[in-house]
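What follows is a set of notes on a single structure, which appears directly below.
Number of protein chains: 8
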Amino acid sequence: MGKPYVRLDKDNAVVLLVDHQTGLLSLVRDIDPDKFKNNVLALAAAAKYFNLPTILTTSFEEGPNGPLVPELKEMFPDAPYIARPGQINAWDNEDFVKAVKATGKKQIIIAGVVTEVCVAFPTLSALEEDFDVFVITDASGTFNHLTRDAAWQRMSSAGAQLMTWFGAAGELHRDWRNDIDGLGALFSQHIPDYRNLINSYIQNTTKK
Amino acid sequence: MGKPYVRLDKDNAVVLLVDHQTGLLSLVRDIDPDKFKNNVLALAAAAKYFNLPTILTTSFEEGPNGPLVPELKEMFPDAPYIARPGQINAWDNEDFVKAVKATGKKQIIIAGVVTEVCVAFPTLSALEEDFDVFVITDASGTFNHLTRDAAWQRMSSAGAQLMTWFGAAGELHRDWRNDIDGLGALFSQHIPDYRNLINSYIQNTTKK
Amino acid sequence: MGKPYVRLDKDNAVVLLVDHQTGLLSLVRDIDPDKFKNNVLALAAAAKYFNLPTILTTSFEEGPNGPLVPELKEMFPDAPYIARPGQINAWDNEDFVKAVKATGKKQIIIAGVVTEVCVAFPTLSALEEDFDVFVITDASGTFNHLTRDAAWQRMSSAGAQLMTWFGAAGELHRDWRNDIDGLGALFSQHIPDYRNLINSYIQNTTKK
Amino acid sequence: MGKPYVRLDKDNAVVLLVDHQTGLLSLVRDIDPDKFKNNVLALAAAAKYFNLPTILTTSFEEGPNGPLVPELKEMFPDAPYIARPGQINAWDNEDFVKAVKATGKKQIIIAGVVTEVCVAFPTLSALEEDFDVFVITDASGTFNHLTRDAAWQRMSSAGAQLMTWFGAAGELHRDWRNDIDGLGALFSQHIPDYRNLINSYIQNTTKK
Amino acid sequence: MGKPYVRLDKDNAVVLLVDHQTGLLSLVRDIDPDKFKNNVLALAAAAKYFNLPTILTTSFEEGPNGPLVPELKEMFPDAPYIARPGQINAWDNEDFVKAVKATGKKQIIIAGVVTEVCVAFPTLSALEEDFDVFVITDASGTFNHLTRDAAWQRMSSAGAQLMTWFGAAGELHRDWRNDIDGLGALFSQHIPDYRNLINSYIQNTTKK
Amino acid sequence: MGKPYVRLDKDNAVVLLVDHQTGLLSLVRDIDPDKFKNNVLALAAAAKYFNLPTILTTSFEEGPNGPLVPELKEMFPDAPYIARPGQINAWDNEDFVKAVKATGKKQIIIAGVVTEVCVAFPTLSALEEDFDVFVITDASGTFNHLTRDAAWQRMSSAGAQLMTWFGAAGELHRDWRNDIDGLGALFSQHIPDYRNLINSYIQNTTKK
Amino acid sequence: MGKPYVRLDKDNAVVLLVDHQTGLLSLVRDIDPDKFKNNVLALAAAAKYFNLPTILTTSFEEGPNGPLVPELKEMFPDAPYIARPGQINAWDNEDFVKAVKATGKKQIIIAGVVTEVCVAFPTLSALEEDFDVFVITDASGTFNHLTRDAAWQRMSSAGAQLMTWFGAAGELHRDWRNDIDGLGALFSQHIPDYRNLINSYIQNTTKK
Amino acid sequence: MGKPYVRLDKDNAVVLLVDHQTGLLSLVRDIDPDKFKNNVLALAAAAKYFNLPTILTTSFEEGPNGPLVPELKEMFPDAPYIARPGQINAWDNEDFVKAVKATGKKQIIIAGVVTEVCVAFPTLSALEEDFDVFVITDASGTFNHLTRDAAWQRMSSAGAQLMTWFGAAGELHRDWRNDIDGLGALFSQHIPDYRNLINSYIQNTTKK
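Residue numbers (UniProt numbering), protein chains in the order written: chain A, 1 to 208; chain X, 1 to 208; chain W, 1 to 208; chain R, 1 to 208; chain G, 1 to 208; chain Z, 1 to 208; chain V, 1 to 208; chain L, 1 to 208.
As structure tokens, this is what we get:
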């Protein structure tokens, strides 16, 4: 028999956004800041669009790491928000794990800063507890390509699936007939090339 | 015992060309457009050369995604052509799967746009149903290298074999004695360096 | 005597935005689309912030080149807008040159798509008529790095000054004491790293 | 007064294609072979489109350098064709210079292999004789980026203008109203992204 | 059941620094020398900070390979120091293996020069003897990226975990509450961006 | 129990050099020609130094693929030399497989041009027959990085070990005490940085 | 007559360090942070070694730009230190220009963050007043390579000389016989490869 | 009148090889060591082939900089050899300048390590004395690309011509009829692609 395809399911997935803090973001150099900001906001917008339970966590936000980026706070005013008192691996924080388990979901979509620590550690912990983990690689950042490559290899070897926000959105949505306008708007707002296609299309089909 | 070598067999392979549409192609930035166009046409030409059953599919071609690139339509006028009404994963479309299964082949050669969605999703679905899947990486394109790397890792971890159109052609042909001129022409039309070798050779061996 | 420093002067500068059209943008591959979009909007925002007269022009916007990106249209509803009937070099269009000269400014800030045509041609024409030309390189795009390098060299050899939107904004502003909040907002909205600095700063200085 | 803009003029330009030979092309590694082949053919097609006198020359084509690429021979069956008996700088060959001067043109459009020799030497010679020289950088190739950068700098310092085939075509054409279909076809055949725009456009505007 | 997370434990880990010699370092070209030096010293500082037993070894240090870099010698004056008389794989040296086993630790943290030999060979040997091996990729260097990629793939396929000094430090520390100042100093001394965050923070919070 | 370390053994290894032909080499663009030539000759020299049985094979050497590079022919005048009449996968050629099996070795060291065909196909075939296969990645070349990455992933997933000539030489030698001068000469002739170390060393230690 | 060589002269040079502030440094992405920090400190150390008058200036250091990096403050406790109240171009600040002119030097060595603003503006101003300006490119940083290239071109076209800290040190020193140990120490502390050479040398020449 | 073409003339050129020493070579990281070694030896072989007077010089070769690479010493046993006692700029050494002037040549071909110091300084000095200077960029090396770019810009702005060993050889030879075998051998020994062309050619034209 073939290998089962563990596929994102919008009724069974929770999103974890780990340590996207204003100070820590200055450490991210494996992806350009314009693009990275866009990816993080796109993932957040996708989480909202699919109504996925979302959990925010930060590390030492009173210190140099800085506060969570305000945009995320505003988008998820009612989400569980765990300001960890010291645990580097968010999964070592009881409240965080409780919040995850309270959702009842078995699929974890995770992104964070920096990849090899804030993303990799909870990923490996969650895999150990039999969650399916989908790492949103392009909404996670770290010091350089070498570090990223090593972190991806470690997570992938342990069973995590490497994805991007666009791939995750496509897998969650399944069928455009579920809703064209909403998903189209999500893509248009976060993919300039896609927006251009739409704007050309609108002109061409309406100009007569 | 050693590991079995699952090898492309021209009597057992079907080619799936997924969403090579004029609009979607503007999203492809992990490979240069001249080279990408050449690779897609080379794969199509190889499919024809080996008489492989070929299936075309598109997503929303009436909208901004745009029509299938005309060259492909012209090369495969009689191929099954599934314009999907909404399914993002082509394998979620019954007609598409029926068309694949109707060929009776157990080896799938797949390429498409964008890699992490239009290629990866049906690849993972087909692996689940015990097909052997050969991803033609250089006739598949996506947003950037990060996305490509993540998609490749996901498909490879699930058991897909990563190939290129040239490697696939070589593996399908097996022996030059089956036909020298035809394969030579295929290579000459799609590999400038190879064409140069042939043109130098012709001059050198005929000039006396 | 030293060489005179020809310096941007907000009372003597006009901004030319040339052919930022939804179709043509799909040709731009020397800069990532997220970053390019951000740079173009940043330049436009700077033009507004400094109240610089701004002129929009397009080439064949009814055809495949597509319409001007809607954001620019919305930002400059009252700007001269020259939809050129055919001239490739905007400077060959009388209305365009008239619009430029009507501003009475002698410094031209120019950006467009694609660099070696839509930017380079009017740049060379304007230099011939003794304007000072400042090319906003990061809000101009083209096919690839080779093309960009050649275009830059041609324009620079002819006397154009190569700048970026950030450098131009700094040179136009001269002194933060003219207005801190406005320029700070411009930077914060278009430079994620800068926004992070500000958000960290706000937290750190107000939290007590 | 401003600096005169020396601008390509289709009534005053001659195209020189230097040593695009099947053997020498294997030395070109500063540009991908798919893209390079496309650029050379695009320049040749532009020369034909604008009816520019075109001169072909080769170096030692009986030996390992190999014959001129057959496509160029076929496109210009009646062009002056100077198979140089030994001169490395084509301008050292009397017949070649005579052919150039016989055209009566003062603008030289030149491309060849390899850039720092076959292009740079005649470029510097022609500049000395007061020709305007436009180097088509993307239809010229050489060993690597370092070599290219040095060759460009040498030619540019001597007064050559660095261009690309697309920029040259735009500058020669001046106005789309001179002919839309012909230039559109040239672009569509050699710029996949542009072809996609056109194909999307056709569908969108005709489908109702 | 999920896959167990084999996690660095400061009470069960030993650090092996293999062949960081002044001559061999001139072979390292897959990472810039400034950054590489910093990473090696950071790993060494982390080893000291966590009081991990550390073992130094060199290959032929009397010859062209040169002596161990003096900084490492000074940091670990009392560490076992095995100047191997000839074994290329340090694990083939009995004294070295004895020193490792004498620590009683089952987790090996390893880095060295060059990656595919001095790191990979003992890594594969230690895995065979059932140690958990954590390769500190950014404190290991070799000739070029191709070589690095091949070496990483070989080690990862054999079960080694690829990490970086920063990730290892985070995993060893577990919780900032164990000690903030010490770990903060380690990061500040080896990550310029982090030091900047701290210096900005100090000013902002104390200036009033 | 840990995973067995399958380690190169000079008494149990055979070297296969596949299709390093003068024409095919013009296709190799994933590695610079100077470096590639050096790596191939270094692998050949290592094969000779360790007295490993070596087998040469070519594909269609009378045609455009060209003859085997003369240096290899000269280094191995008595090696089995199989000029394949048509088989693309050398393992499909009976004489070739017979020659391999006649050596009685169970470890295959393989390199060739192009990687995804001439190296990958026999690698996968040999793995199926339970050989251990060590791919010398840096003496194998192909069209571009994308192709290389896909080929490496396919071979590695099937169980091949990815190495380089330097790593293989180190693993075969085991201990410098077996012979210092010979291995030193091998490295000095093929690693300029190593040669420099030795030349500096000689001067410094002898100058008194 | 040839062109005069305007050469750095330690008796006629002043060093300007502009806006190396902890916040602004997070904007620098055209050079790695480890390397950039090293270059800035190396330039500062060279300034001290050659006893060059050095002037520090910052922009808004109370705000998000952050304080001058502490290392620089400590190295130059008695240097003129101009915290500019708002001028973006340091040369627009009277105190700064006075401090420069008070040194009586006619050669300016300048570095800063970001290149196209904080370095380029005073460079262009100083050239206008007939100073010779030497830009230390590797101790200056900015957003990305595109920005850097444009800024370099602008400054170079205006007559600035582009250098690096190492080149400047060599040109200032003129002759090793002026002092071997001091310059050697400067290089050893800031160039790991050089330090390795020295350490190998010491061992090799002293070990007997 | 056009700009005079200052062209290398084998009767009027002298070659200066500056500081290609075994230690200093470890600093070169803007070009791969295999390729760099090949380029330096190719330039030396060209100098011999054209019988150009050649001058060798070194800096502190008794110390860590190491001796001149032995290959150069062997190729030019009778060349003037100036071991400079301390001057960093070789042109500051009287013996060196005397040796240059003794040749009576007015064209200087120069290469060395590192580019921005050992090449740039004597280049600028020689230009001041009205020599024509041709920098062989690919036989000169330095720390990284940033440094190289700055050094090239400085030398080019001062009037030096940037070339490569291959371009220089072509310009010196002028006409293949002066000697085919010798120049062919030079190219074949230092350009693998060229050697392959020749070997294919020989087989193809002789095999009948």
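By construction, the Cβ of each residue, glycine as well, lies at the ideal position given by its N, Cα and C atoms.
Residue i and residue j closer than 8 angstroms at C-beta
i: L197 (chain A); j: P64 (chain X); result: yes
i: D19 (chain V); j: G86 (chain V); result: no
i: T57 (chain Z); j: A102 (chain Z); result: no
i: N199 (chain R); j: V114 (chain X); result: no
i: A151 (chain X); j: E116 (chain X); result: yes
i: L186 (chain R); j: A169 (chain R); result: yes
i: Y194 (chain A); j: L43 (chain X); result: no
Residue i at chain B interface by Cβ criterion, 8 angstroms
i: S188 (chain W); result: In the structure shown, chain B does not exist; the protein chains are A, X, W, R, G, Z, V and L.
Same chain, Cβ closer than 6 angstroms to residue i, five either side skipped, listed in chain order
i: L172 (chain R); result: L8, K10 and F50
i: P80 (chain W); result: I55 and A99
i: A47 (chain Z); result: V15 and T54
i: V6 (chain G); result: D132
i: L24 (chain W); result: N65 and V113
CA-to-CA distance, residue j to residue i, given in whole angstroms
i: S140 (chain L); j: A126 (chain L); result: 17 angstroms
i: M163 (chain L); j: S156 (chain L); result: 11 angstroms
i: F131 (chain X); j: A158 (chain Z); result: 17 angstroms
i: V15 (chain X); j: I82 (chain X); result: 14 angstroms
i: W176 (chain W); j: T205 (chain W); result: 20 angstroms
i: L72 (chain G); j: P122 (chain X); result: 53 angstroms
i: R174 (chain A); j: G66 (chain X); result: 20 angstroms
i: Q21 (chain Z); j: K37 (chain Z); result: 12 angstroms
i: G184 (chain V); j: Y201 (chain Z); result: 20 angstroms
i: I110 (chain A); j: I31 (chain L); result: 40 angstroms
i: K3 (chain L); j: E128 (chain R); result: 5 angstroms
i: G104 (chain V); j: L124 (chain L); result: 26 angstroms
i: residue 281 (chain X); j: I136 (chain A); result: Here chain X covers residues 1 to 208 and nothing more, so residue 281 (chain X) does not appear.
i: G167 (chain L); j: I180 (chain Z); result: 41 angstroms
Residues near residue i by beta carbon distance below 7 angstroms, same chain, minus five either side
i: N39 (chain A); result: D138, A139 and W165
i: M75 (chain A); result: A44 and K48
i: N144 (chain W); result: R29 and D30
i: N12 (chain A); result: K105, K106 and Q107
Contacting residues, own chain, Cβ-Cβ under 8 angstroms from residue i (five flanking each side not counted)
i: R84 (chain W); result: T57, T58, S59, F60, A90, N93 and F96
Open item on the list: Report the start-end ranges of each beta strand (DSSP E) in the UniProt domain "Isochorismatase-like" (14 to 165) of chain W that is 3 residues or longer and not cut off at the edges.
Closed with: As summarised for the UniProt domain "Isochorismatase-like" (14 to 165) of chain W, the continuous beta strand (DSSP E) elements at least 3 residues long and confined to that stretch are 54 to 59, 81 to 84, 107 to 112, 132 to 136 and 161 to 163, given in chain order.
Task: Members of the segment 171 to 203 of chain R that neighbour chain A once the beta carbon cut-off is set at 8 angstroms - done: Of all residues in the segment 171 to 203 of chain R, only L197, S200 and Y201 come within less than 8 angstroms of chain A when Cβ atoms are compared, listed by chain position.
Task: Residues, ordered as in the chain, of the segment 21 to 50 of chain A that lie near chain W by beta-carbon distance below 8 angstroms - done: Under the 8 angstroms Cβ criterion, the segment 21 to 50 of chain A contributes T22, G23, L25, S26, D32, P33, D34, K35, F36, K37 and N38.
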